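Counting from 1, position 174 in the sequence shown corresponds to residue 192 in my numbering; the numbering is continuous, with no gaps.
Ideal placement from N, C-alpha and C gives every residue a C-beta, glycine not left out.
None of the values given here were measured: they were computed from a predicted structure.
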Amino acid sequence: MQLQPSVVTAKPYQWPHDASFDRSTTALVVIDMQRDFCEEGGYLSSQGYDLSAIRSIIPKIQTLLSTFRQAGMPLFHTREGHRADLSDLSSRELFRSRNNPSGLGIGDQGPLGRLLVRGEAGHDIVNELYPLPGEPIIDKPGKGAYANTDFDLLLRVKGVKNLVLCGVTTDVCVHTTMREANDRGYDCLLVEDCCAASEERLHDAAVEMVRTEGGVFGATAKSEDLLSAVCGSLAS
């Protein structure tokens, strides 16, 4: 089905709500596609989780990145991580991160270096999705991309008002960022098949929460429908 270039077929509403899909004001945000979350030996695998669902979204995010780059649309990448001395890490968060069968948590040594510490191998973005020169990377010490960062400033300087979110994990960092953005007035789209969680049930619940109350945090869509809208805007 041919789509209008001004909207994306989404749930529970055609996105953006005001049919303002525009290449200059719509940005892609790739959240935390880091080795610590996507590769064995990193933070998430040390917590005991299967990474297969997370690995499976990498090719689809590659396609999104390629298409947004071709369209000249704004792109942002985020990384979660902490200072080497962990001075930006609360005692509760350190305790929580070690509350798993391995006992390993933030700052502990793993095969990819110290877990979730800036500058370590595991902190970096996976090669398949590595930012091109000039693409901003938001280094954040928590789950959301807004807390204690200049992300909102960068978006407003560029005139961005619509955000497309993908990455990991759907229920934690993606959802937190989406909620933060929603509270700041951005219209957000979660790309369902370009996000993943540590467990499928958590991903499914997070997607459903976006749609409740008429789209309380935004809308959700499949990547094929988003790509159709981007390509439609190029043809118009």
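Boundaries of the beta strand (DSSP E) harbouring H95: L93 to E98, taken from the DSSP string.
Beta-bridge annotation (DSSP): K158 is paired with E98. Taken atom to atom, the span from the alpha-carbon of G137 to that of G60 is near 14 Å. Per DSSP, the beta bridge partners of V26 are W33. S64 and L122 do touch by the CB rule: their CB atoms are close to 4 Å apart, below 8 Å. The residues V26, L82, V182, L207 and V209, in chain order, have a CB closer than 8 Å to that of L244 in the same chain once the five nearest residues on each side in sequence are set aside.
Using a 10 angstroms sphere on the CB of I155, the tally of other CB atoms stays under 16, which defines it as exposed.
C212: member of the beta strand (DSSP E) spanning D205 to A214, first to last residue. In terms of CA proximity to C213, V190 leads the group V190, D126 and N200. Exclusion of the five residues before and after L112 leaves L104, G123, I124 and G125 as the residues of its chain whose Cβ lies within less than 8 Å of its Cβ.
Contact annotation: I49 and T96 have beta-carbon atoms nearer than 8 Å. Counting of Cβ neighbours within 10 angstroms places R132 among the buried residues, the total reaching 16 or more. As DSSP reads the structure, R132 sits in a beta bridge with Q127.
When secondary structure is reduced to three states using DSSP, N180 falls in the strand class. Ranked by how close their Cα comes to the Cα of R229, the residues L173, R197 and S246 have R197 in first place.
Nearest to T167 by alpha-carbon distance, out of N200, A237, G99 and R110, is G99. For Q65, the three-state secondary structure derived from DSSP is coil. A residue is called buried once 16 or more other Cβ atoms fall within 10 Å of its Cβ, and V47 is buried on that count.
With fewer than 16 other CB atoms across the displayed protein chains lying within 10 angstroms of its CB, P151 is exposed. Residue pairing by DSSP puts T44 in a beta bridge opposite N180.
Rounded to the nearest whole angstrom, the CA to CA distance from V144 to S74 is 13 Å. With a contact defined as Cβ atoms closer than 8 Å, P34 and N180 qualify at about 5 Å.
M91 and P119 have their C-alpha atoms spaced approximately 43 Å apart.
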